[in-house]
Amino acid sequence: MAVPKRKTSVSKKKMRRSHHALSATNVVEDKKTGEYKLSHHVDLKSGYYNGKKILDI
Numbered sequence: 048m049a050v051p052k053r054k055t056s057v058s059k060k061k062m063r064r065s066h067h068a069l070s071a072t073n074v075v076e077d078k079k080t081g082e083y084k085l086s087h088h089v090d091l092k093s094g095y096y097n098g099k100k101i102l103d104i
């Protein structure tokens, strides 16, 4: 069985996990209502997506 010869240092452990950080969500301001929403998603309050009425609310 493979066993490490030396203890992994804190620095080496953190370097290995550096890409595990969470990225920020892409929130944009709606042009018509001025509210914030996720990009590439339908605005549920107005029913618009990409300047076109998609949902009847």
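Note that our numbering has the sequence shown beginning at 48, numbered continuously upward. Using N, Cα and C, we set each Cβ at its ideal position, and we do this for glycine too.
Any idea if Tyr83 is buried or exposed, counting beta-carbon neighbours within 10 angstroms, 16 or more meaning buried?
Along the sequence shown, one-based indexing puts residue 83 at 36. With fewer than 16 Cβ atoms within 10 Å of its Cβ, Tyr83 is classed as exposed.
Taking just the CA atoms, how far does Thr72 sit from Asp90?
Residue mapping note: residue 90 aligns to position 43 of the sequence shown, counting from 1. Residue mapping note: residue 72 aligns to position 25 of the sequence shown, counting from 1. Cα to Cα, the separation comes out at about 16 Å.
Under 8 Å by Cβ, that's how I've got Gly94 and Leu102 pegged, so tell me the actual separation to the nearest angstrom.
Counted from its first residue, the sequence shown places residue 94 at position 47. Counted from its first residue, the sequence shown places residue 102 at position 55. That belief holds up - the Cβ atoms of Gly94 and Leu102 are roughly 3 Å apart, short of 8 Å.
For the alpha helix (DSSP H) containing Lys92, list its first residue and its last residue.
Within the sequence shown, numbered from 1, the residue matching residue 92 stands at position 45. Per DSSP, Lys92 belongs to no alpha helix (DSSP H) and is neither H nor E.
Just the C-alpha distance for Gly81 and Lys92, rounded to the nearest angstrom, thanks.
Here residue 81 is taken as the residue at index 34 of the sequence shown, counted from 1. Here residue 92 is taken as the residue at index 45 of the sequence shown, counted from 1. Straight-line Cα distance between these residues: approximately 11 Å.
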